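Working notes, structure below.
Protein chains in written order, with the UniProt record's numbering: chain A, 1 to 541; chain B, 1 to 541.
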């Protein structure tokens, strides 16, 4: 029906063949030991730093070799921190030694949603509470009142009262501190207008461990499939590979702004079933990563119905719920959508992932988050609880931040005005940056870029000249990775090749965050525009 | 040669048979759905809180049921947070409502090494630095100098200078912040007298994720075995089960103070190999958990030689390295031992796990730690790096604490005297508590208890009367779990049954931490003594 949908069946068959070919190639590389070229071997992920005395690949007497490792680990890929980031780190080290080493004076990391690494300031109230909970003796000092807002002091006391013995250095309940889960449940209720149960909340070190836990639970073998959007955030492909399952792809329709079509879901589900795969779950990332679209509520209803009808767990990655930049779109949680359709606990299995790393807070390094699980039987929940218990608990600083993110200052609180100013400043600036970058990308020859309605990324499509593709092939690298490496070496800008997220075969993309501070954006646009022009000039057919 | 070694061959055969029987029983329970009794079914781990509207076990329309879950998850057990803790949490809730509900007024958690939950205070210097790094605006305020020690301010600045953009809210390098790894490596060098490379350090959210990462790397199937001490910390059995490997047990000799005999290692290794299992690694926990012994250096040398000769990775759980309580024992890291034997990077594959949760710091809730990996080829290291990257990074607060633990205040620093006083106060008190509890346990009828040379636990052997064993069988529970539940219900003291750690079949133990504050110890001793007497009176043959 639209340009990318046509030919998908064929593409998929090609892709499956390609994947098999890739596996065989990997195996033969492994057999041929470590003489394989760096770019295409498992060395792709080699550590950024060379270690004197540590490079003992040739030592055959050691008990661990690549061919004795878990093959699932070898199969797993994670492009967001892959080869290009390693090159960037190397260039950065070089620049420290000689600031004139390259035609740019700094590396600009647009590869990862890591706002504070690019200068975004944390929300003051959150950090005040965290400091007070970290060093509780401050609460007994009168000087503290001059240094902290009064509501941060109140909140710290309230949080400490919820922790047995006020011990922020103790392991908590495996699901997280009950009082903090109460605050999160209240925040979910306020957001959705439907009840939330603190016993449904499992606090996690960021969203990733929650995703791993669900994959571990649902995947027994390669006969278990997980429907994932393509393009997807590579955590999903990595986690499915590590747990030995099958990623069942469904393609987002780039031409309709990365639309999610139920007909495509049905088709891929049938296709997987015909291959003997039991599809266990559907992953939906909303707002989208790397694609930035925000789903319409009507579309979400169809998705919920699809999961209910087909018996799939709906794994809703909702970590960008606060990142919506366009007035015509609004975030709706899948739980709210399901409840508003009249579906209750016994109708739909739903897991919603939230993280403190995204939103306007961007507290990536604090590793906090939660998953809200609904629709699971008590015996299955007990197994999830057990998995959480094996790792004891998520970190308490992250737990505290997760509760704050879901229960920020309210009107009338001492911090409220400054909190709102900080929050809106960040979100409106992100919206502006998204727009500027999108417009700049769309001006480039052969580049089309959907708008970032939400999340933190743009995912432009680059129509690469045939000569560039041939040059990439000669360099034994994917054409978009070839482009991204050239971009890095020419400008210091780090983006992630579309091939790291998967894409419709034969199309090429990259993911670029919208996170550099506003004052850097004009320079980025200029450097990117110049680079692109010279690249196209070099490879124009 | 000693009382427990005799008969081990027979015991092991019995145990293997028992394990197979247990698997079959579990499978049949699963097939019989959820009508199985709570104590022996997978519901053992059911969440502590009942949820209104969530108990939908009967809803057969939901897509996820126990029999569709990953069987490795079902197989995994984790007793430290198992059924008895759930009962304890229930009793605690009851006591909140009615303080006279039971013959005790509080629950005393001796089940888990969680010092701050029992009143241990954090080290002030560590928390000062953490607060300053959490809310860096404090560093610009003059009032801060009145509230913080001068070296905590200096240290916070030093740490912030090591973080790109001073952004403690940003994801770090996948292995952890380089400057913090430098501090850790320097701390290891100071401890061992041998070089340590910051590039060998992988920072983790506590020790557990590091252990999982290594198991994930080494285990492909049940044909891969990991030699584990019995008794063992159940993280190891849980992680091996989750990754689908085989736990190859070696028995510690209780009669010789939980001695680790090389002859036993050899025997079990041969036995596993004869069953077609490739043994990949040897786990050694030193100081021991749950057993509390500290290995002699000579014994460690034999272990290193054994691993080298047999081609095993040595997984050294060294999280209790600061917890040694007896003058005749000293902690030596396995790396120091290996290097002092002349073995370098190319001779032995060694992973040392360290955690901020233990020692005198006990910062469990902060989830920090690291593993130092040596002797791996660069291509294998690249795979470990990739696994670390998939989860982005460990939490920065934990990273900061891990660096502080390995580089605490030095003589002359503003905090030094108070730091030393806090540290020595905690460690000498722990030693005293260990001694008092050990002596009290040894006075009980039919109980023998090795001394806690290190770590945080006592693991007494209880010679249970035949009638108690029969009563436990009738209650469908392990005899030591029966004892521990009776203890909990009579006294409010929570300990973990030996069966959760595995033990020589036919022997019964429990693990009790030495962590309750000193002023609680007399009451614990009294309650335990009284309970034990009445239990023995009740079941005396």
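Don't be surprised by glycine CBs; every beta carbon is placed ideally from N, CA and C. These figures come from a predicted structure and were not determined experimentally.
Simplified DSSP state of residue i, which is helix, strand or coil
i	result
residue 491 (chain B)	helix
residue 52 (chain B)	Below a pLDDT of 50, predicted positions are generally treated as unreliable, and residue 52 (chain B), at 37, falls in that range; the measurement from the model is reported next regardless. In this structure, residue 52 (chain B) counts as coil in the three-state DSSP scheme.
residue 501 (chain B)	coil
residue 529 (chain B)	helix
residue 136 (chain B)	helix
residue 109 (chain B)	strand
residue 447 (chain A)	strand
residue 537 (chain A)	helix
residue 458 (chain B)	strand
residue 123 (chain B)	coil
residue 64 (chain B)	coil
residue 324 (chain A)	strand
residue 522 (chain A)	helix
residue 294 (chain B)	coil
Presumed contact (8 Å Cβ cut-off) between residue i and residue j, rounded CB distance
i	j	result
residue 85 (chain B)	residue 348 (chain B)	Contact doesn't hold; Cβ gap of about 38 Å is too wide.
residue 241 (chain A)	residue 76 (chain A)	4 Å
residue 79 (chain B)	residue 405 (chain B)	Wrong, their Cβ atoms sit about 28 Å apart, outside the cutoff.
residue 135 (chain A)	residue 422 (chain B)	Wrong, their Cβ atoms sit about 14 Å apart, outside the cutoff.
residue 284 (chain A)	residue 316 (chain A)	6 Å
residue 390 (chain B)	residue 118 (chain A)	Not a contact, Cβ separation roughly 22 Å.
residue 361 (chain A)	residue 531 (chain A)	Wrong, their Cβ atoms sit about 33 Å apart, outside the cutoff.
C-beta contact flag for residue i and residue j at 8 Å
i	j	result
residue 399 (chain A)	residue 176 (chain A)	yes
residue 359 (chain A)	residue 322 (chain A)	yes
residue 351 (chain B)	residue 214 (chain B)	yes
residue 148 (chain B)	residue 132 (chain B)	yes
residue 116 (chain A)	residue 170 (chain B)	yes
residue 220 (chain A)	residue 63 (chain B)	no
residue 88 (chain B)	residue 107 (chain B)	yes
residue 567 (chain A)	residue 210 (chain A)	The structure shown does not extend to residue 567 (chain A), since chain A is modelled only from 1 through 541, so no value can be given for it.
residue 428 (chain B)	residue 124 (chain B)	no
residue 252 (chain B)	residue 259 (chain B)	yes
residue 490 (chain B)	residue 103 (chain B)	yes
residue 510 (chain B)	residue 498 (chain B)	yes
residue 180 (chain B)	residue 402 (chain B)	yes
residue 333 (chain B)	residue 345 (chain B)	no
residue 393 (chain A)	residue 457 (chain A)	no
residue 254 (chain B)	residue 484 (chain B)	no
residue 335 (chain B)	residue 539 (chain B)	no
residue 380 (chain A)	residue 69 (chain B)	yes
residue 369 (chain A)	residue 355 (chain A)	yes
residue 452 (chain A)	residue 292 (chain A)	yes
residue 189 (chain B)	residue 196 (chain B)	yes
residue 395 (chain B)	residue 395 (chain A)	yes
residue 514 (chain B)	residue 437 (chain B)	yes
residue 226 (chain B)	residue 372 (chain B)	no
residue 151 (chain A)	residue 415 (chain A)	yes
Residue range of the unbroken beta strand (DSSP E) whose run includes residue i
i	result
residue 316 (chain B)	313-317
residue 340 (chain A)	Element bounds for residue 340 (chain A): not the beta strand (DSSP E) but the alpha helix (DSSP H), 334-340.
residue 369 (chain B)	369-374
residue 511 (chain B)	510-513
residue 351 (chain A)	350-355
Alpha helix (DSSP H) segment containing residue i, residue limits
i	result
residue 147 (chain B)	144-147
residue 301 (chain A)	297-310
residue 92 (chain A)	83-97
residue 71 (chain B)	71-75
residue 468 (chain A)	466-474
#### Entry: Any alpha helix (DSSP H) of 4 or more consecutive residues that is wholly inside the region 149-210 of chain A
150-162, 178-192
### Message
List, from N- to C-terminal side, the alpha helix (DSSP H) runs of 4 residues or more that fit wholly inside the region 200-283 of chain B.
### Response
Segments of the alpha helix (DSSP H) lying fully in the region 200-283 of chain B: 207-218, 234-242, 262-274.
### Task
Please list the segments of the alpha helix (DSSP H) lying wholly inside the region 383-438 of chain A, counting only runs of 4 or more residues, in order along the chain.
With a minimum length of 4 residues, the continuous alpha helix (DSSP H) runs that stay inside the region 383-438 of chain A are 396-405.
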